[in-house]
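Numbering (this note's numbering), first residue to last: 119 to 344.
Glycine included, every Cβ here is placed at the ideal spot set by N, Cα and C.
Please read the structure below before turning to the comments.
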Amino acid sequence: MRQLYNTPQLCGRRLPCSRKVDGPPVETGSPLLSFYGKIFLRNRNVAPGERTMSISSKFERSLLSHEEYGVIKGSHHPNLYALDRDGLLSLQSQLRQMRDKERTLARQKQRERRGKAEPRGASFPGTGEQPQQRKQVFANALKRVNKEATRIRNLEARAANVDAAHRALALRRAANFTSHPAQGQTANDGMSPRPNRRRRTIISGKRIGSTSQATKSAQARRDNKT
C-alpha cells in the first residue's frame with residue numbers, strides 16, 4: 119500500500135508534494151481523501167478540540183435537498199443570531215436527527231465495504247463518501263448551533279450573577295444603616311395661651327394715691343347732697 123507523509127502543502131487535489139518532512143505516514147486508498155485530504159493534513163499537528171473543517175455553502179447545496187438546506191441555512195449567520203432559545207432547541211433537535219441518520223448510513227456502507235454486512239436497498243448511496251460528507255455538514259451546523267446556545271446560556275448566567283450581586287449589596291447596605299419607622303399619629307398639644315398684644319401702661323404710686331383720694335372726696339360730696 120502506498121503511503122503519504124505529512125507535508126505542509128498539497129500539489130493539486132490528491133497528490134502531495136514530493137518534498138517529505140518528518141512525521142508519521144498516512145495511509146491512502148480511501149475515497150474520502152479527495153474531500154478530507156487537505157483538511158486532514160492541515161490539522162495533523164492541531165489539538166483535537168481545535169480542529170476545524172470548513173465547508174462552503176455552495177458545496178453544502180450540492181449535497182443537500184431543498185428542505186435540508188433550508189434547515190442548514192438557519193445555522194449560518196445572520197439567521198442563527200435571530201433565533202431565540204426555543205428556536206435554537208428546535209434546530210438542535212432537527213440537526214441531531216439528520217446527523218445521526220447520515221452517520222448510520224455511512225457506517226452501514228463501511229460495513230458493506232468490509233464485508234461485515236449485507237447490502238441494503240436502492241435508497242442507500244452507492245459509496246460511503248456521500249453519507250460521510252452529508253454527516254459532516256450536519257455535524258458542523260449542529261456545532262454552530264450548540265456554540266450559540268452556550269453563548270446565550272453564559273449571557274443569561276452573567277445577568278443572573280449581576281442581579282444577585284445587586285441584591286446582596288442592597289442587603290448589606292440595609293444592615294449597616296439603622297432605619298427608623300414612621301412615627302404615625304401623635305397626641306395634640308391642646309389649647310395654648312395666646313400672648314396679650316396690648317401695650318401695658320405703667321402708673322406711678324403717687325398718681326395712684328391721688329386718684330384714690332379724689333374718688334373718695336367726690337363720693338363724700340354726693341353723699342352730703344343727699
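Use the C-beta contact count for proline 143: other C-beta atoms within 10 angstroms, 16 or more gives buried, fewer gives exposed. Any reading at proline 143 needs caution, since the residue's pLDDT is 47, under 50, leaving its predicted position unreliable; the model's value is listed next. Proline 143 should be labelled exposed.
Assuming serine 180 is part of the alpha helix (DSSP H), what are its boundary residues? 175-181
Buried or exposed by the 16-neighbour rule on C-beta atoms within 10 Å, applied to isoleucine 190: buried
If the criterion is Cβ atoms closer than 8 Å, does the pair glutamine 248 and alanine 235 meet it? no
Could you tell me if serine 152 is buried or exposed, where buried requires 16 or more neighbouring beta carbons within 10 angstroms of its beta carbon? Interpretation of serine 152 is limited by its pLDDT of 49, a score under 50 that renders its predicted location unreliable; the figure taken from the coordinates is listed afterwards. Under this definition serine 152 is an exposed residue.
Valine 255 and leucine 181: beta carbons closer than 8 Å? yes
Specify whether the stretch 260-270 and the stretch 288-297 touch according to this definition: at least 3 beta carbon pairs, one from each stretch, less than 8 Å apart. no
Considering just the uninterrupted stretch of the alpha helix (DSSP H) at glycine 338, what are its terminal residues? A quick correction: the sequence has alanine, not glycine, at residue 338. Its alpha helix (DSSP H) spans residues 323-343.
Under a three-way DSSP split, which group does threonine 219 fall into? It is lysine, not threonine, that sits at residue 219 in the sequence shown. DSSP places lysine 219 in helix when its eight states are reduced to three.
Buried or exposed, going by whether 16 or more other CB atoms sit within 10 Å of the CB of serine 322? exposed
Below 8 Å between beta carbons: does that hold for lysine 253 and arginine 285? no
Which residue wins for smallest C-alpha separation from histidine 194, given the options Ser328, Glu266, Lys324 and Lys343? Glu266
Does methionine 216 pass the burial test, meaning 16 or more other C-beta atoms within 10 Å, or should it be called exposed? buried
Please report how far the alpha carbon of cysteine 302 lies from the alpha carbon of methionine 309, in whole angstroms. Checking the sequence, you will find glycine at residue 302 rather than cysteine. Roughly 22 Å between the two C-alpha positions.
Unbroken alpha helix (DSSP H) run spanning glutamine 248, endpoints: 247-294
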